[in-house]
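S.K.:
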Amino acid sequence: MPSRGGTHFQILDDIARELSGDVNFPTCLDAAILVRNALKDPFVRNEQIVQAISVEPLISSKLLRLASSVIYNPAGHTVADLNTVIERLGIDIVRMTSLAVAMDQMLKSVHLSRYNTIARAAWENSLQVAAIARTLARHNGYATPDMAMLAGLVHNIGIFYLLFRAAAYPDYRDNEALMIELIAGWHEGIGENLLHSLGLPTTITDAVRDQSHRTRAEAPRSISDILCFSIALAGNAPAWQNRTIGAEEEAWQADIRLQHEDLRQAADAEIAELRAALSV
6 MPSRGGTHFQ ILDDIARELS GDVNFPTCLD AAILVRNALK DPFVRNEQIV QAISVEPLIS
66 SKLLRLASSV IYNPAGHTVA DLNTVIERLG IDIVRMTSLA VAMDQMLKSV HLSRYNTIAR
126 AAWENSLQVA AIARTLARHN GYATPDMAML AGLVHNIGIF YLLFRAAAYP DYRDNEALMI
186 ELIAGWHEGI GENLLHSLGL PTTITDAVRD QSHRTRAEAP RSISDILCFS IALAGNAPAW
246 QNRTIGAEEE AWQADIRLQH EDLRQAADAE IAELRAALSV
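By this note's numbering, the letter at position 100 of the sequence shown is numbered 105, and the numbering carries on one by one without gaps.
Spelled out as structure tokens, the structure:
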């Protein structure tokens, strides 16, 4: 994370204390914390996970939609109970859905309307990167598709968290340039620390931290590589992010899209399914 500039010191200091556990998390993260606490036990039973997520209807409804989607239920069997959902989807998808709910709550914050365009663009980018990452992992076998999809969905969570938190500070409410400076400079580090606090594995948090550092691999061989390739293949990064990309990076991304156009097209159906299941 870059060193803290004077302009952003107060909010970054407040967030650092939040993420270190010195103060309570905002209520928008309640759902993700419920899941984190349930999954701390390596021997947790499905019934205990069901009990935890049943407290938050948004998690339950999104999980049911995912379990009924073509991605996970191509035969179209009826899925009506959470035990079956968890057996079908697995723990990584439960984590992913709890974080989708957290992002949902941030997007719907009453103070975020001024920056709705930025937030919606980041959400659409997250959905596309997640679906592409799942498709890419399924094709190359270097990571489980669900873990890759989880990395894709949460790679922008630092943007959502900074937008949500900064909206409470008067300096940011009507100053888009200042807000963009904040999220451009710190969203990766904040995202890494937030996900670490929420119990995600280091393979995910490291990938989120390093997402803008172009991989040297010719083909993706890790979660970090898959995320990097998927961001390039999505090609729909928010406008403020595109302004920070150099000519060499832009050329590399264009080359990746040209090489893997068939894979990008193969992900289109999954993008639509994921959007329908996790729509906010």
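Just so you know, even glycine gets a beta-carbon here, dropped at the ideal spot from N, CA and C.
Treat the numbers as computed from the prediction; the structure is a model and nothing was measured.
Roughly how many whole angstroms lie between the Cα atoms of residue 212 and residue 87?
M.R.: Annotation: residue 212 to residue 87 spans about 30 Å, alpha carbon to alpha carbon.
S.K.: Count the other CB atoms within 10 Å of the CB of residue 130; is the residue buried (16 or more) or exposed (fewer)?
M.R.: A residue is called buried once 16 or more other Cβ atoms fall within 10 Å of its Cβ, and residue 130 is buried on that count.
S.K.: Run the CB neighbour count on residue 97, radius 10 Å, all protein chains shown included, and call it buried at 16 or more, exposed below.
M.R.: buried
S.K.: For residue 63, which residues from the same chain have a beta carbon less than 7 Å from its beta carbon, with the 5 sequence-adjacent residues on both sides left out?
M.R.: 36, 106, 109
S.K.: Can you give me the start and stop residues for the alpha helix (DSSP H) that residue 67 sits inside?
M.R.: 62-73
S.K.: Quick one: what does DSSP say residue 275 is sitting in, helix, strand or coil?
M.R.: helix
S.K.: From residue 226 to residue 179, what distance separates their C-alpha atoms?
M.R.: 43 Å
S.K.: DSSP three-state label for residue 77, please.
M.R.: coil
S.K.: At the level of alpha carbons, what is the spacing between residue 76 and residue 50?
M.R.: 25 Å
S.K.: Provide the residue span of the alpha helix (DSSP H) that contains residue 51, from first to last.
M.R.: From DSSP, the alpha helix (DSSP H) with residue 51 extends over 51-58.
S.K.: Report yes if the C-beta distance between residue 38 and residue 99 is below 8 Å; otherwise report no.
M.R.: no
S.K.: Looking at C-beta atoms only, is the number of pairs between the region 151-164 and the region 194-208 that lie closer than 8 Å three or more?
M.R.: yes
S.K.: Starting from residue 233, trace the alpha helix (DSSP H) in both directions and tell me its first and last residue.
M.R.: 228-239
S.K.: Just the Cα atoms here: how many angstroms apart are residue 280 and residue 122?
M.R.: It is roughly 17 Å from the alpha-carbon of residue 280 to the alpha-carbon of residue 122.
S.K.: I need the DSSP call for residue 213, collapsed to helix, strand or coil.
M.R.: Helix at residue 213.
S.K.: Can you name the start and end residues of the alpha helix (DSSP H) that residue 47 belongs to?
M.R.: Note, residue 47: premise wrong, no alpha helix (DSSP H); not H, not E.
S.K.: Could you say which of 283, 13, 12, 268 lies nearest to residue 142 if we only look at CA atoms?
M.R.: 268
S.K.: So residue 124 and residue 117 are in contact, right, with Cβ under 8 Å, and what is the actual spacing, rounded?
M.R.: 6 Å
S.K.: Give the range of the alpha helix (DSSP H) segment to which residue 129 is assigned.
M.R.: 121-145
S.K.: Measuring only the C-alpha atoms, how far is residue 266 from residue 73?
M.R.: 28 Å
S.K.: Could you give the first and the last residue of the continuous alpha helix (DSSP H) run that contains residue 242?
M.R.: Residue 242 -> no alpha helix (DSSP H), and no H or E assigned at all.
S.K.: Starting from the Cα of residue 205, find the closest Cα among 155, 218, 215 and give me that residue.
M.R.: 155
S.K.: In this structure, does DSSP put residue 180 in helix, strand or coil?
M.R.: coil
S.K.: Put residue 90 into one of helix, strand or coil per three-state DSSP.
M.R.: Correct three-state label for residue 90: helix.
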